[in-house]
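A short worksheet on the structure shown next.
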């Protein structure tokens with residue numbers, strides 16, 4: 089970390105391929121376009137469907153032609169036409185993305201970014217199914233892989249004169265960036281940024297190693313955003329998890345099922361950065377349905393911490409553009425954790441309460457360790473540690489696994505109080 093802060097920390101242009109905020113904005117714009125088209129008149133829809141000049145050769149996200157035009161074949165064209173007549177059709181859009189993914193031709197990197205947008209668009213539209221979550225994770229991983237292969241190809245072209253008699257295909261990307269790590273060669277500013285982006289992307293790929301398998305194992309049922317909307321509108325006063333009595337057992341079970349499906353989906357969505365905005369929207373709906381339980385706030389905190397994990401990775405890899413977002417992101421996480429903690433029982437903690445207490449204890453020590461990197465005020469860290477000690481003191485007496493963590497927090501508190 090010391091190396092990260094050396095030199096002039098001037099403003100640097102964000103790494104373009106990993107600018108997830110930009111991709112999120114593009115997805116939201118696509119959602120708005122789909123909704124506007126779906127609400128437009130029948131004649132306007134027909135004119136836009138028939139007159140291809142409206143979208144141009146580049147294509148549009150509304151009907152998926154932005155990827156369909158490049159991957160031009162009969163199956164893809166039929167799917168684009170189907171989506172054009174019904175842009176909110178999840179099945180057709182998933183089929184389109186899968187069909188294009190099976191195309192082995194080499195497309196530009198922008199094509200795979202648009203493919204990722206198409207895959208995640210269905211989720212933003214409220215259709216959260218095993219298929220849409222799987223395809224979102226697969227296209228996210230594919231996009232990361234294409235970033236690396238694109239940079240590798242460009243770097244090999246640059247170095248081809250020095251590697252005349254070498255089979256370039258067998259050279260690994262790690263060998264190409266090794267010289268930068270060891271400082272053996274001087275690289276210009278553009279190549280340094282490329283190497284930086286490769287390193288970050290390689291680490292992000294590691295995070296997704298088990299994503300597809302985990303998604304298949306945990307997501308077995310579909311859910312619609314409408315299901316949450318229905319619960320929100322009908323039960324604004326009644327508690328979803330514990331307040332429905334009388335002869336409403338079947339309704340209570342249905343509500344519990346919706347929540348279980350939603351929480352399972354959120355565990356997957358938090359691992360895909362471009363899905364964080366819609367994940368937080370879903371969390372907000374859960375909090376509106378029942379504001380008295382800790383779990384919805386715990387899920388919000390986990391999403392923010394996953395975002396912070398990526399920001400930290402970027403900073404460690406010397407991407408200083410990540411630094412301004414780190415403290416606000418951590419603050420959002422700690423506020424959500426605190427809300428979850430306030431709704432947990434310290435006297436007789438149940439399984440969900442224990443999870444909240446344990447995670448808050450971890451985050452309190454993390455705040456202490458990373459207080460300089462996160463630019464946290466000492467009095468703020470002290471308050472977090474005091475709450476963390478309160479949480480760990482509940483867990484340690486009944487479970488020896490928490491004793492070491494308890495000692496760490498006690499030592500951190502002592503240090504903070506002694507040196508301010």
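Residue numbers (my numbering): 89 to 508.
Ideal placement from N, C-alpha and C gives every residue a C-beta, glycine not left out.
None of the values given here were measured: they were computed from a predicted structure.
At what residues does the alpha helix (DSSP H) containing residue i begin and finish?
i, result
"residue 117", "108-126"
"residue 487", "Taken as a continuous stretch (DSSP letters only), residue 487 belongs to no alpha helix (DSSP H), as it is neither H nor E."
"residue 412", "411-430"
"residue 160", "Neither: residue 160 is in no alpha helix (DSSP H) and is coded neither H nor E."
"residue 379", "Unbroken run through residue 379: none, as it is neither H nor E."
"residue 504", "491-507"
"residue 469", "466-483"
"residue 339", "337-357"
Three-state secondary structure (DSSP) at residue i?
i, result
"residue 312", "strand"
"residue 449", "helix"
"residue 509", "Examination of residue 509 is not possible in this model, given that the chain is present from 89 through 508 alone."
"residue 307", "coil"
"residue 187", "helix"
"residue 226", "helix"
"residue 104", "coil"
"residue 302", "helix"
"residue 193", "coil"
"residue 199", "helix"
"residue 436", "coil"
"residue 147", "coil"
"residue 406", "coil"
"residue 459", "coil"
"residue 61", "Examination of residue 61 is not possible in this model, given that the chain is present from 89 through 508 alone."
"residue 182", "helix"
"residue 276", "coil"
"residue 176", "coil"
"residue 296", "coil"
"residue 360", "coil"
"residue 139", "Confidence is the limiting factor: at residue 139 the pLDDT is only 47, short of 50, which leaves the residue's position unreliable and the question unanswerable from this model."
From the DSSP output, read off the bridge partner residues of residue i.
i, result
"residue 154", "For residue 154, which the question treats as bridged, DSSP gives no partner whatsoever."
"residue 215", "312"
Could you check how far apart the C-beta atoms of residue i and residue j are, in whole angstroms? I think they sit under 8 Å.
i, j, result
"residue 261", "residue 286", "6 Å"
"residue 389", "residue 424", "4 Å"
"residue 125", "residue 164", "Not really, about 20 Å apart at Cβ, beyond 8 Å."
"residue 429", "residue 359", "Contact flag wrong, Cβ pair sits at about 24 Å."
"residue 292", "residue 233", "No, residue 292 and residue 233 are not in contact; Cβ-Cβ is about 10 Å, not under 8 Å."
"residue 404", "residue 391", "Their Cβ separation, rounded to whole angstroms, is 21 Å, which puts residue 404 and residue 391 out of contact at 8 Å."
"residue 237", "residue 203", "15 Å between Cβ atoms; not a contact."
"residue 356", "residue 297", "Actually they do not touch by this definition, with Cβ atoms about 14 Å apart."
"residue 231", "residue 201", "6 Å"
"residue 209", "residue 148", "That pair is no contact at about 12 Å."
"residue 504", "residue 464", "So it is not a contact: roughly 11 Å between Cβ atoms."
"residue 281", "residue 103", "7 Å"
Does the beta-carbon of residue i, which I'm using as the reference point, lie nearer than 6 Å to any heavy atom of the ligand ZN?
i, result
"residue 361", "This structure does not include the ligand ZN; it has no bound ligands of any sort."
Using beta-carbon positions only, say whether residue i and residue j come within less than 7 Å of one another.
i, j, result
"residue 484", "residue 494", "yes"
"residue 362", "residue 155", "no"
"residue 402", "residue 288", "yes"
"residue 346", "residue 376", "no"
"residue 59", "residue 167", "The requested residue 59 does not occur in the structure, where the chain is confined to residues 89 to 508."
"residue 320", "residue 369", "no"
"residue 182", "residue 213", "no"
"residue 386", "residue 444", "yes"
"residue 115", "residue 221", "no"
"residue 384", "residue 432", "no"
"residue 184", "residue 225", "no"
"residue 349", "residue 311", "yes"
"residue 468", "residue 452", "no"
"residue 455", "residue 480", "no"
"residue 395", "residue 415", "no"
"residue 393", "residue 421", "yes"
"residue 366", "residue 211", "yes"
"residue 482", "residue 448", "no"
"residue 379", "residue 399", "no"
"residue 215", "residue 178", "yes"
With a cut-off of 7 Å, does the C-beta of residue i fall near any C-beta of chain D?
i, result
"residue 474", "Judged by its chain identifiers, the structure shown contains no chain D, having just a single protein chain."
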